[in-house]
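S.K.:
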Amino acid sequence: MVAVALMMFLLISIWAAFSGKINIKEKFFIILYAYVLIWFAYGNLYYFSCDVDNYNRMLIATQKNENLDIVDLQEKIIEVQFQTPIRGIHNFWSLNDELKPQIQNRIKGLVDCYYFSGVTMLTIGFGDVTPVSSLLRLFSVFQGFLGQVIVVIAMGLWINQAGKQ
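Be aware that the sequence shown starts at 1, since it is given in UniProt numbering, and climbs by one per residue.
1) Indicate whether S140 and P131 have their beta-carbon atoms separated by less than 8 Å.
2) Reducing DSSP to helix, strand and coil, say where G127 ends up.
3) How many Å lie between F126 and V119 at the Cα?
4) Please name the residue in I30, K21 and L138 whose C-alpha comes closest to that of I12.
5) In whole angstroms, what is the alpha-carbon distance linking K21 and F9?
6) What does a CB cutoff of less than 8 Å around I150 pick up in its chain, not counting 5 residues either side in sequence?
7) Which class does I22 belong to by DSSP, given the choice of helix, strand or coil?
8) Should L136 go down as buried or exposed, given a rule of 16 or more other Cβ atoms within 10 Å for buried?
9) Considering V151, what are the terminal residues of the alpha helix (DSSP H) in which it resides?
10) Please list, in chain order, all residues of the same chain as F28 whose beta carbon is under 6 Å from its beta carbon, the five residues on each side excluded.
11) Using 8 Å for Cβ pairs, my map puts G147 next to L122. What's the rounded Cβ distance?
12) Taking the C-alpha atoms as reference points, what is the distance between K164 and K25?
13) Output needed for G43: all residues of its chain with C-beta closer than 6 Å, excluding positions within five of it in sequence on either side, in chain order.
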């Protein structure tokens with residue numbers, strides 16, 4: 001759902017940039033805004049998926065301490081594992097109140113997710129941070145593709161403007 005919304009925003013931005021009703025500076029800022037928005041949106045998506053993974057680990061640790069029924073625990077873990085980070089919002093927050101987790105250094109995690117998103121968007125790919133799940137790998141590939149598309153569009157606008165002068 002987030003990927004579809006981002007793609008729609010990108011298409012609207014591209015349409016606005018090519019509509020000809022705005023000058024080249026405004027076109028550049030629209031494209032730059034779309035680029036930064038996608039970077040931070042994917043960073044937040046990666047951060048949320050990390051929280052879901054942390055929650056899953058805390059759920060297992062809670063079982064060891066509280067001796068819950070094993071069937072109930074397995075059902076809760078399956079609910080968390082088989083939902084995508086986007087669809088897992090409701091389940092994540094409702095179960096979060098039961099566990100009362102102590103997550104340390106959340107700001108560092110958010111900065112790391114923004115870092116990974118920027119490295120992916122710019123297609124640098126240092127390899128020091130990598131997604132674990134298949135879904136996040138697909139998201140990161142799609143984000144890298146969007147990063148390249150936006151650069152190509154911006155360069156095309158710049159070359160087109162330079163050719164007119």
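The beta-carbon is built from N, C-alpha and C at its ideal position, and this holds for glycine as well. Here the structure is a predicted model, which is why all the values come from computation and not from measurement.
M.R.: Per the coordinate set shown:
1) yes
2) coil
3) 7 Å
4) That would be I30, whose Cα lies nearest to the Cα of I12.
5) 18 Å
6) L10, I31, A34, Y35 and I38
7) coil
8) buried
9) S134 to K164
10) none
11) Confirmed, Cβ separation roughly 6 Å.
12) K164 and K25 have their C-alpha atoms roughly 15 Å apart.
13) C113, Y114 and S117
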